[in-house]
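Mapping to my numbering: the sequence shown position 164 is 754, numbers consecutive. Even glycine gets a Cβ: it sits at the ideal position worked out from N, Cα and C. Worksheet for the structure shown next.
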Amino acid sequence: MRIRIDLAYDGSGFHGWAAQPGLRTVQGELSAAAATALRMPSVELVCAGRTDAGVHARGQVVHLDVEPDALARSAGRAPDPPLEALVRRLNGILPADVRVRRAVEAAPGFDARFSALWRRYAYRVADTPAAVDPLVRGHVLAWPRPVDVEAMNEAAVLLLGQHDFASFCKQREGATTIRVLQELSWRRLPSGVAEATVRADAFCHSMVRSLVGCLLAVGEGRRPVAWAGEILAAERRDASVPVVHAHGLTLEEVAYPPDAELGARVELTRARRERA
591 MRIRIDLAYD GSGFHGWAAQ PGLRTVQGEL SAAAATALRM PSVELVCAGR TDAGVHARGQ
651 VVHLDVEPDA LARSAGRAPD PPLEALVRRL NGILPADVRV RRAVEAAPGF DARFSALWRR
711 YAYRVADTPA AVDPLVRGHV LAWPRPVDVE AMNEAAVLLL GQHDFASFCK QREGATTIRV
771 LQELSWRRLP SGVAEATVRA DAFCHSMVRS LVGCLLAVGE GRRPVAWAGE ILAAERRDAS
831 VPVVHAHGLT LEEVAYPPDA ELGARVELTR ARRERA
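See below:
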């Protein structure tokens, strides 16, 4: 059976999601905990979005495959259903900066990565002394100059839609940088923090932090609104576009289609993206 796990973590103490020899990673912690909880030698995990070092998640989604009998045995004499017992066991093993929020049997065809319709991230910036809160310094970027949210929203419109986002991505050999950016907008929270919402079918490496860095340059008046569109059109990395710190970024949500459409979504996602 395939199990879907909804996961949250504070990325401050991790070298990203993906397991790396000798480094503390979210995948490493969760796979070790799952192997212990399920009494298996090892467990293979697939996640919806491989977050970079220092990036947080509230809505990460992971799947793993396990024999039903093995799941039942892992619950032991617990009175709870096996999946509820698994959540309790995992959270008893995992460190405090990783929490399993729920575990359910996935519908046929579900794939945490390839079934996803979109991923939604938030990036939070405290750009005034009054908005800087030391209690959330690990999750909000302290920016030294005030930014104009309206100007950033004007520039963000130029980036929406399907494009080659090579200007905002660290290129990986053989990987496409064509993405569909469905939402990019800024708002002021009651605390005074400027919050960006970034939603796309998928993201390439460092894309969100580069988009935010570009818009912050516009917001503080160093660049005109049109500059964002010019950077996008160039389709190549530009050193003038800052990649902001990871700690302001949180994976908030991953959306999936109805169960009957999961298989079709996997086929569509696996196909290499091409220009519209």
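Unbroken beta strand (DSSP E) run spanning residue i, endpoints
i	result
Trp776	Ile768 to Arg778
Val788	Ala784 to Ala790
Arg714	Trp708 to Ala716
Whether residue i touches residue j by CB criterion (9 Å)
i	j	result
Ala850	Pro832	no
Arg860	Phe704	yes
Ala712	Gly639	no
Phe793	Arg709	yes
Ile593	Leu684	no
Leu841	Phe758	no
Val652	Ile595	yes
Leu661	Pro672	yes
Asp791	Arg769	yes
Pro698	Leu852	yes
Leu749	Gly819	yes
Val815	Ala741	yes
Ala836	Ser781	no
Gly551	Gly644	Absent from the model: residue 551. The displayed extent of the chain is 591 to 866, so no value can be given.
His753	Leu771	yes
Ala746	Trp817	no
Arg827	Gln761	yes
Gly728	Ser621	no
8 Å contact criterion, which residue i and residue j should meet: CB distance rounded
i	j	result
Val616	Val688	6 Å
Glu785	Trp776	7 Å
Gly809	Asp738	5 Å
Gly649	Val730	Contact doesn't hold; Cβ gap of about 18 Å is too wide.
His646	Asp600	6 Å
Val715	Val783	7 Å
Glu695	Met591	6 Å
Ala609	Gly618	5 Å
Arg801	Leu779	Correcting the residue type first, residue 801 is Leu in the shown sequence and not Arg. 19 Å between Cβ atoms; not a contact.
Arg663	Arg629	7 Å
Leu654	Glu634	7 Å
Arg799	Val844	Actually they are not in contact, since the Cβ atoms of Arg799 and Val844 sit about 19 Å apart, beyond 8 Å.
Endpoints, the alpha helix (DSSP H) within which residue i is located
i	result
Gln617	Val616 to Leu628
Asp929	No answer is possible for residue 929: it lies beyond the span of the chain, which begins at 591 and ends at 866.
Ala675	Pro672 to Ile683
Per DSSP, the bridge partner or partners of residue i
i	result
Arg689	Ala598
Val656	The partner list for Val656 (beta bridge, DSSP) is empty, contrary to what the question assumes.
Glu857	Per DSSP, none; premise fails for Glu857.
Arg592	Asp655
Ala732	Ala716
Glu695	Ile593
Ala647	Tyr599 and Leu841
Alpha helix (DSSP H) runs contained entirely in the segment 807-852, provided each spans 4 or more residues: 817-824
Whole beta strand (DSSP E) elements within the segment 740-765, 3-residue minimum: 751-754
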